[in-house]
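Residue numbers (UniProt numbering), protein chains in the order written: chain W, 1 to 221; chain C, 1 to 200; chain F, 1 to 396.
Read the structure below first, then the notes.
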Amino acid sequence: MTEQHALFDSLLQDLSDRARDEVLAAFSAVQYAAHPVAEVQLAGLRDVTLRRQVQRMLKLIGRTLVHVDGTHWTAGYDDDIAASLVAQGWQPLSVIDRAVLVLVLVHSVAIPRSEGILTGDSWKSARPTTVDELRTTRISGEERRLSLQRLRAAGLIQLSGDHSSGPSYIPGPQLQRLTPAARRRLQDQLILAAAPASPIAEAIRARTGSPVAVAAVGDET
Amino acid sequence: MSTEAVERRLYNALWWAKVQSAGPLEVDPDTPAVAGLTRAASPDGSTVWLVPTLPSGAGHSVLEELGAPPVAVEQPNETARLLAICVTCCWTDRSAPAWPGVTGTLAQIRSVYAGMRGRPEQSSDLTLIIGSLRRLHATHWIRWDEKTAEVRLGPRVVTWTATDLSTLRDLCRHLPEPPPAELSTRPEPESDERQEVLDD
Amino acid sequence: MDATLLDAEAEAAVLRVYRQVFAVLAREAGAMIVDPDLLDVDQAILDAFAEAGSDGLTVEQATLACRAYPHDMIVRRFEVLRQYGAITKLVDRPNELRHRAAFAPYVMLMFLRRMSVQGGQAELHQLLTLEAHSVSDPHATADEGKASIGRMTKVFRLLGNELAILVSTSTTAQLRENAQLAWGNERLIEQAEKVHRIVLERWPELHRDCTSLRMALAAYADAVQLAAGRLVERAGTTRALGLLPIETWLTFTRSSEPDALAAVLDGLLFDAAAPDFSPQTMVEAVETGRRSGSARMAPPRPTADADAPESAAATDREDLRAEAERVLAGRPEVDIVEVVDQAGDWITARRVLAELTAAHLHDELDYELVWSDGMRIDPTAGTPWATEGIFRRVAR
Chain W
1 MTEQHALFDS
11 LLQDLSDRAR
21 DEVLAAFSAV
31 QYAAHPVAEV
41 QLAGLRDVTL
51 RRQVQRMLKL
61 IGRTLVHVDG
71 THWTAGYDDD
81 IAASLVAQGW
91 QPLSVIDRAV
101 LVLVLVHSVA
111 IPRSEGILTG
121 DSWKSARPTT
131 VDELRTTRIS
141 GEERRLSLQR
151 LRAAGLIQLS
161 GDHSSGPSYI
171 PGPQLQRLTP
181 AARRRLQDQL
191 ILAAAPASPI
201 AEAIRARTGS
211 PVAVAAVGDE
221 T
Chain C
1 MSTEAVERRL
11 YNALWWAKVQ
21 SAGPLEVDPD
31 TPAVAGLTRA
41 ASPDGSTVWL
51 VPTLPSGAGH
61 SVLEELGAPP
71 VAVEQPNETA
81 RLLAICVTCC
91 WTDRSAPAWP
101 GVTGTLAQIR
111 SVYAGMRGRP
121 EQSSDLTLII
131 GSLRRLHATH
141 WIRWDEKTAE
151 VRLGPRVVTW
161 TATDLSTLRD
171 LCRHLPEPPP
181 AELSTRPEPE
191 SDERQEVLDD
Chain F
1 MDATLLDAEA
11 EAAVLRVYRQ
21 VFAVLAREAG
31 AMIVDPDLLD
41 VDQAILDAFA
51 EAGSDGLTVE
61 QATLACRAYP
71 HDMIVRRFEV
81 LRQYGAITKL
91 VDRPNELRHR
101 AAFAPYVMLM
111 FLRRMSVQGG
121 QAELHQLLTL
131 EAHSVSDPHA
141 TADEGKASIG
151 RMTKVFRLLG
161 NELAILVSTS
171 TTAQLRENAQ
181 LAWGNERLIE
191 QAEKVHRIVL
201 ERWPELHRDC
211 TSLRMALAAY
221 ADAVQLAAGR
231 LVERAGTTRA
241 LGLLPIETWL
251 TFTRSSEPDA
261 LAAVLDGLLF
271 DAAAPDFSPQ
281 TMVEAVETGR
291 RSGSARMAPP
301 RPTADADAPE
311 SAAATDREDL
321 RAEAERVLAG
331 RPEVDIVEVV
341 DQAGDWITAR
351 RVLAELTAAH
361 LHDELDYELV
371 WSDGMRIDPT
381 AGTPWATEGI
391 FRRVAR
């Protein structure tokens, strides 16, 4: 027997006890585990019918399944929901935290890409960003330190195993929650910010068209 | 599906996404209910917090058996201890729910902490305590006011079940009794300053 | 100067430039070197001649001077250089063993090495500067202006054609390898336009030649845009990052305000930290906290700590520093085993080690904790098993 849940019950009530457990376990794993979970590990992900139920649960809370490396699953924001919130100006992460995260992404991902030493097509990287590399900007040591703590707590960055020259950081597991559209958006915005006059930036603008007008949905209720 | 149902679903999904990206949110009491988000009225009733709840069988509890840990907390034990100490200081009427509880002070926390350790306070204690209080505040387990050095329980505690509360009641009995709280004086109603976070 | 674009300096790319440059000099096809390392050998041989002075070198002396390379390789390369006239007999007679080297091949080598690093763009920039210089010369004639415009028209046609053909025929990987053709194009075009302006003002009768140049420039710009578009199209969701030179990223991180950096994440949502603390975890944490509460020598604290600190982070740092200094006790470094033994029991030792580790990791503190492979085993010690290592002060 279980208590009522106002949001999920309509989905869960039709499932057998067994299926319900599998779906809830898979839902919890993709939502709350730090890293993507292996499809083989959970019936709720292996079984296509159950996985569809997991996806339905996620949709109810503005999330969606994200496939990682073809073998793992995690959950991220549904693109439409994210777009609606963005249109409302919703951005809970502070300027400093975003700036520090971007610095880590440039040093750990963008630069290794330019060096041609990163394979795959994700924001994962083992190339550490040192504190010295973060020091080069207009953010005080104290601000940076607190920001690094917050970003670590959220799984947006993690300590690199390489401590040879003091602490250093790599992108955290949360970046794997980005949907393909969000990953591409991050790539495009990074290029547009770093080299707005480059032919590549021009090509990106040509592809995405003039600034996309996202209709504000759902806030009028 | 009717247009109304579609709008309803979108409304719910947007609020859940907000809460996932920002943590529990403090909103105007007139905000219509969001399915699955529990409403915790602030102590003075001027606002409510929206806190996500999950069906039993879902949530962090299943992660351990899956061997798929959540994002690590810095100093997890120390932080959990401090939350226990905040509970013992702020949950005075243990026959009532833990939320909203009463205001506790840093002096109380330090005293219980040293008592728990079974020795006089050490110089490094305060650093550890403040660090944990900040972490708990940032994740809405407590509300920690650094200026007045006062603490309240945070909205996340509304998700504790009756079983959880009975475990905590036991835990409080095993922790040293906090000294009486000496609260700083402050302007009476505090409703106005909160208003600014309501709009989004 | 433009950014280095051949960062992923594949041998193939280097060779391609050499091959292209040598093509105009080669007497017949198929004689091009296939290993860029041979250029190092050539350079070593020519270096040896430079050192040898006016007596020149015999083959054997050259192999001795270049003993860092295999003997046979030097001999073979010596022969090739001799056949091409880069090395000649000191005196042209049958039994002459000593040779001398010409200076021109060395200049060519230097030039090639620059080309291979810069992909030829820097040289093109310099050539354009020279063109601007010569058409501005008060003694320059209309014919010289016409020749200058003609040369530039051809260079840009070739550049544009090469790129356009690459876009239509090659794979994405090939295109990316040749991406340097597309970079820095604004500066090149600007420089060419400057020459164009000077010429058209001085010799209006050259307007037809100038039109040809403008068309070549436009075609080049179009080809660049096409190439970039195609690269972006095929780059997936993160790979287009690799299409920018490293210097662009470094400049971006160094010169941008926090607002500009943060704006990169506009439109992206991330999860807030949401750790769970179940009552059971709290019970366990309190249990262990109570057990491990054994006393440890604490450094004296100068001020009464009755008030909450203004900055917990600063307090944190100073506490770590105090602990590190207590452990070091005035010495530049200290043995970890000694630290462990002084702590007495393992629980206290573990706490001290945790603080030393925190001091090591703290980006504003100058300490380091270095572990070695050894292990001290002493059943009579408070902590029988202790990993060896040192904790020390460092200058960062």
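Here a beta-carbon is modelled for each residue, glycine too, at the ideal position from N, C-alpha and C.
Here the structure is a predicted model, which is why all the values come from computation and not from measurement.
Do you know offhand how far A206 (chain W)'s Cα is from A181 (chain W)'s?
C-alpha separation (whole angstroms): 17 Å.
With DSSP as the reference, identify every bridge partner of M375 (chain F), one or two as the case may be.
F:T387
At a CB-CB cut-off below 7 Å, which residues of chain C make contact with L7 (chain W)?
N12, A35, G36
If you follow the alpha helix (DSSP H) that T64 (chain W) is in, where does it begin and where does it stop?
Careful: T64 (chain W) lies outside any alpha helix (DSSP H), inside the beta strand (DSSP E) at 63-68.
If the criterion is Cβ atoms closer than 8 Å, does the pair L124 (chain F) and L213 (chain F) meet it?
no
Mapping the DSSP letters down to three states, classify S168 (chain F) as helix, strand or coil.
When secondary structure is reduced to three states using DSSP, S168 (chain F) falls in the helix class.
For F111 (chain F), is the classification buried or exposed, using 16 other Cβ atoms within 10 angstroms of its Cβ as the cut-off for buried?
exposed
I need the DSSP call for D30 (chain C), collapsed to helix, strand or coil.
coil
Check the DSSP bridge columns for W144 (chain C) and list the partner residues they point to.
C:V151
Comparing alpha-carbon positions, which option in W:Q91, W:V37, W:S125, W:A193 lies nearest G23 (chain C)?
W:Q91
Alpha carbon to alpha carbon, how far is P309 (chain F) from E26 (chain C)?
Reliability of the predicted coordinates at P309 (chain F) is poor, the pLDDT of 36 falling under 50, and the value obtained from them is presented with this limitation in mind. Near 28 Å, if we compare the C-alpha coordinates of E26 (chain C) and P309 (chain F).
Mind checking the region 61-79 of chain W against chain F and listing, in chain order, the residues whose C-beta falls within less than 8 Å of any C-beta there?
Those residues of the region 61-79 of chain W placed with their C-beta closer than 8 Å to a C-beta in chain F are Y77, ordered along the chain.
Starting from I198 (chain F) and walking both ways along the alpha helix (DSSP H), at which residues does that stretch end?
185-202
In angstroms, rounded to a whole number, what distance separates the CA positions of L163 (chain F) and I200 (chain W)?
15 Å
Considering only residues of the same chain and omitting the five flanking positions on each side of D307 (chain F), which have a CB-CB separation below 7 Å?
Because D307 (chain F) carries a pLDDT of 34, less than 50, the predicted location of this residue cannot be relied on, and the following value inherits that uncertainty. Once the five neighbours on either side are set aside, D307 (chain F) has no close Cβ partner at all.
How many Å lie between G293 (chain F) and M116 (chain C) at the Cα?
Its pLDDT being 44, under 50, G293 (chain F) is placed unreliably by the model, and nothing is read from it.
Please classify H60 (chain C) as buried or exposed, where buried requires at least 16 neighbouring CB atoms within 10 angstroms.
buried
Following the continuous alpha helix (DSSP H) through G115 (chain C), name the residue where it begins and the one where it ends.
106-117
According to DSSP, is H72 (chain W) helix, strand or coil?
strand
Give the range of the beta strand (DSSP E) segment to which I87 (chain F) is assigned.
87-89
In chain order, what residues of the same chain have a beta carbon less than 6 Å from the beta carbon of P176 (chain C), not counting five sequence neighbours either side?
V112, G115
Anyone know if the C-beta pair for residue 223 (chain W) and V109 (chain W) falls short of 8 Å?
Any question about residue 223 (chain W) goes unanswered here, given that chain W covers just 1 to 221.
Determine whether the Cβ of R290 (chain F) lies closer than 8 Å to any Cβ atom of chain C.
yes
Rounded to whole angstroms, how far is the Cβ of A84 (chain C) from the Cβ of A285 (chain F), which I believe are closer than 8 Å?
7 Å
Against Q342 (chain F), what residues of chain C qualify as contacts under a CB-to-CB distance less than 9 Å, listed in chain order?
Those do not exist, as Q342 (chain F) stays about 17 Å from chain C at its closest Cβ, beyond 9 Å.
Listed in chain order, which residues of the region 61-90 of chain C have Cβ atoms closer than 9 Å to some Cβ of chain W?
S61, V62, L63, E65, L66, G67, A68, P69, P70, V71, A72, V73, E74
For a contact defined as C-beta to C-beta under 7 Å, what are the partners of A274 (chain F) on chain C?
G23, T139
For the beta strand (DSSP E) containing I170 (chain W), name the first residue and the last one.
168-171 is the extent of the beta strand (DSSP E) around I170 (chain W).
Counting only Cβ pairs nearer than 7 Å, list the residues of chain C close to M282 (chain F).
A80, L83, A84, L171
Hey, out of W:A87, W:L93, W:M57, W:G44, whose CA is closest to H72 (chain W)'s CA?
W:G44
With DSSP as the reference, identify every bridge partner of S164 (chain W), one or two as the case may be.
W:G166
According to DSSP, is R9 (chain C) part of a helix, a strand, or is it coil?
helix
What do you get for H139 (chain F), buried or exposed, if any count of 16 or more other CB atoms within 10 angstroms of its CB means buried?
By the neighbour-count criterion, in which 16 or more other beta carbons inside 10 Å mark a residue as buried, H139 (chain F) falls on the exposed side.
Is A154 (chain W) close to chain C? Criterion is C-beta to C-beta, closer than 8 Å.
yes
Could you name each continuous alpha helix (DSSP H) segment of 4 residues or more that falls completely within the region 56-135 of chain W, going from the start of the chain to the end?
79-87, 95-105, 111-114, 131-135
Below 8 Å on C-beta distance, what does S278 (chain F) contact in chain C?
H60, S61, D164
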